[in-house]
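Novice: Using my numbering, you'd call the opening residue of the sequence shown number 569 and step up by one each time.
Note that the Cβ used here is the ideal one computed from N, Cα and C, for glycine as well.
Since the structure is predicted, the reported quantities are computational estimates derived from the model, not experimental observations.
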Amino acid sequence: MILSAHQPVYLPGIILFNKIAISDVFMFLGHAQLVSHSWHSRNRIRQGDKELFLTVPVQTSGRFGQPIDDTRIANSHWKRKHIESIAQSYRKRPFFDAYFGPIEALLLADWPSLGTMNKALIRHLMEVLEIQTPVLESADYEPKEHKTDLLIELSKAAGADGFLSNEGSRVYVREDAMAAAGLNHYWQIFSHPTYEQGRSFMSNLSVIDLLFNSGPAAAEIVRACGHAEIGAVAQKA
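#1: Which residues does DSSP pair with Lys618 in a beta bridge?
#2: With DSSP as the reference, label Pro625 as helix, strand or coil.
#3: Going by other Cβ atoms of all chains shown within 10 Å of its Cβ, with 16 needed for buried, is Ala655 buried or exposed?
#4: Mind checking which residues open and close the beta strand (DSSP E) that includes Ile798?
#5: Need the endpoints of the beta strand (DSSP E) that Trp646 sits in, please.
#6: Return the residue from the list Pro670, Trp607, Arg648 that minimises the CA-CA distance to Leu693.
#7: Would you kindly work out how many angstroms separate the C-alpha atoms of Tyr667 and Leu675, rounded to a whole number?
#8: Buried or exposed: which applies to Tyr740, given that a residue is buried once 16 or more other Cβ atoms fall within 10 Å of its Cβ?
#9: Run through DSSP, which three-state label would Ser733 get?
#10: Flag this pair as yes or no: are the beta carbons of Leu719 and Met685 separated by less than 8 Å?
#11: Pro761 by DSSP, collapsed to three states: which one?
#12: Counting along the chain, where does the alpha helix (DSSP H) carrying Val775 start and finish?
#13: With DSSP as the reference, label His850 as helix, strand or coil.
#14: Please state the DSSP three-state secondary structure of Ser606.
#15: With Ile570 as the anchor, note down where its beta strand (DSSP E) starts and where it stops.
#16: Report yes if the C-beta distance between Gln756 and Asn781 is below 8 Å; otherwise report no.
#17: Pick out whichever of Ile789, Pro784, Arg791 has its Cα sitting closest to the Cα of Pro662.
#18: If we ignore side chains and look at the alpha-carbon of each, how far apart do Asp637 and His608 end up?
#19: Once you ignore the five residues that flank Ser591 on each side, which residues in its own chain have a CB closer than 7 Å to its CB?
#20: Alpha carbon to alpha carbon, how far is Gly794 from Leu751? Give it in angstroms, no decimals.
#21: Tell me whether the segment 720-731 and the segment 577-588 touch, counting them as touching only if at least three CB pairs, one residue from each stretch, are closer than 8 Å.
#22: Quick one: Cα of Leu597 to Cα of Glu743, how far?
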């Protein structure tokens, strides 16, 4: 069983949903520390020929080191701004009406924390994308380790015998340590898909861009744009 994990980020891009789709089980790392001005609280959409960042304001004063799951949203003023920006950007795209309503409702809801909202949005988008990978919560296992040791700890807690990382994790993942712990390590080999956007293509946007443009075809596009490849250490074993 291959486990993957990620922090609950705001309206994430295609790469995260591909990673979830090609895993046997996925874990939210809601216990992870909030990083200000990161994907934890913002993401990009397309507005005309430019990218637009949508940022959720959060409370940080006196809360250094707070987990994403405990991070409070600062106010509600951003909600209407985000909704109007999304509508303005995508209302003319072919599948906007099919997907916008539930996303709007989730954005308007009252949430106890940033992590709770982000997870609800991701779970909804997984359902729309027909991703049925079981989802776990890191907080249920009270993890104590960091970096590679954390991945080993969580894999064992979840009963997994393999772990899947994206390319950005190469700077810290120690495949030899995972092998010594009896785990196979896999890399997500991802190639960003191109699809019709009604103009020249812009990549690395929130997955809602794909949904509004491609509709039901988005599910297969997400699955087809990446695969799991076993790491070099495991290949030698």
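Specialist: Working from what's here:
#1: Stepping through the sequence shown from its first residue, residue 618 is reached at position 50. Gln615, per the DSSP bridge assignment.
#2: Translated into positions along the sequence shown, residue 625 becomes position 57. Three-state DSSP puts Pro625 in coil, outside helix and strand.
#3: The residue you call residue 655 lines up with position 87 of the sequence shown. So Ala655 ends up on the exposed side.
#4: As a first step, residue 798 must be located in the sequence shown, where it is residue number 230. Taken as a continuous stretch (DSSP letters only), the beta strand (DSSP E) holding Ile798 covers 794-798.
#5: For the purposes of this step, residue 646 is taken as residue 78 along the sequence shown, with counting starting at 1. Taken as a continuous stretch (DSSP letters only), Trp646 belongs to no beta strand (DSSP E), being part of the alpha helix (DSSP H) at 645-658.
#6: As a working mapping, residue 693 is identified with position 125 in the sequence shown. Among Pro670, Trp607, Arg648, the Cα nearest to that of Leu693 belongs to Pro670.
#7: Indexing the sequence shown from 1 puts residue 667 at position 99. Indexing the sequence shown from 1 puts residue 675 at position 107. Roughly 13 Å separates the two Cα atoms.
#8: As a position in the sequence shown, residue 740 is number 172, starting the count at 1. Classification for Tyr740: exposed.
#9: To locate residue 733, count along the sequence shown from 1; it is residue 165. In this structure, Ser733 counts as strand in the three-state DSSP scheme.
#10: Counting from 1 along the sequence shown, the entry for residue 719 is found at position 151. Counting from 1 along the sequence shown, the entry for residue 685 is found at position 117. Cβ distance not < 8 Å, so Leu719 and Met685 don't count as in contact.
#11: Working through the sequence shown from its first residue, we reach residue 761 at position 193. Note: Pro761 maps to coil in three-state DSSP.
#12: Residue numbering aside, residue 775 sits at position 207 when the sequence shown is read from its first letter. Element bounds for Val775: 775-782.
#13: Examination of residue 850 is not possible in this model, given that the chain is present from 569 through 805 alone.
#14: Here residue 606 refers to the residue found at position 38 when the sequence shown is read from its first residue. Three-state result, Ser606: coil.
#15: As a working mapping, residue 570 is identified with position 2 in the sequence shown. Element bounds for Ile570: 570-574.
#16: Locating residue 756 in the sequence shown gives position 188, counting from the first residue. Locating residue 781 in the sequence shown gives position 213, counting from the first residue. Result no, Cβ atoms of Gln756 and Asn781 do not sit closer than 8 Å.
#17: Numbered from 1 along the sequence shown, position 94 holds the residue referred to as residue 662. Of the listed residues, the one whose Cα sits closest to Pro662 is Pro784.
#18: Here the question's residue 637 lines up with position 69 in the sequence shown. Here the question's residue 608 lines up with position 40 in the sequence shown. If I take the Cα positions, the gap works out to 11 Å.
#19: Here the question's residue 591 lines up with position 23 in the sequence shown. For Ser591, where only same-chain residues beyond five positions count, the Cβ hits under 7 Å are Ile570, Leu571, Ser572, Thr701, Leu732.
#20: What you label residue 751 is simply residue 183 of the sequence shown in a count that begins at 1. What you label residue 794 is simply residue 226 of the sequence shown in a count that begins at 1. Distance between the alpha carbons of Leu751 and Gly794: 21 Å.
#21: no
#22: Within the sequence shown, residue 597 is the residue found at index 29, counting from 1. Within the sequence shown, residue 743 is the residue found at index 175, counting from 1. Straight-line Cα distance between these residues: approximately 20 Å.
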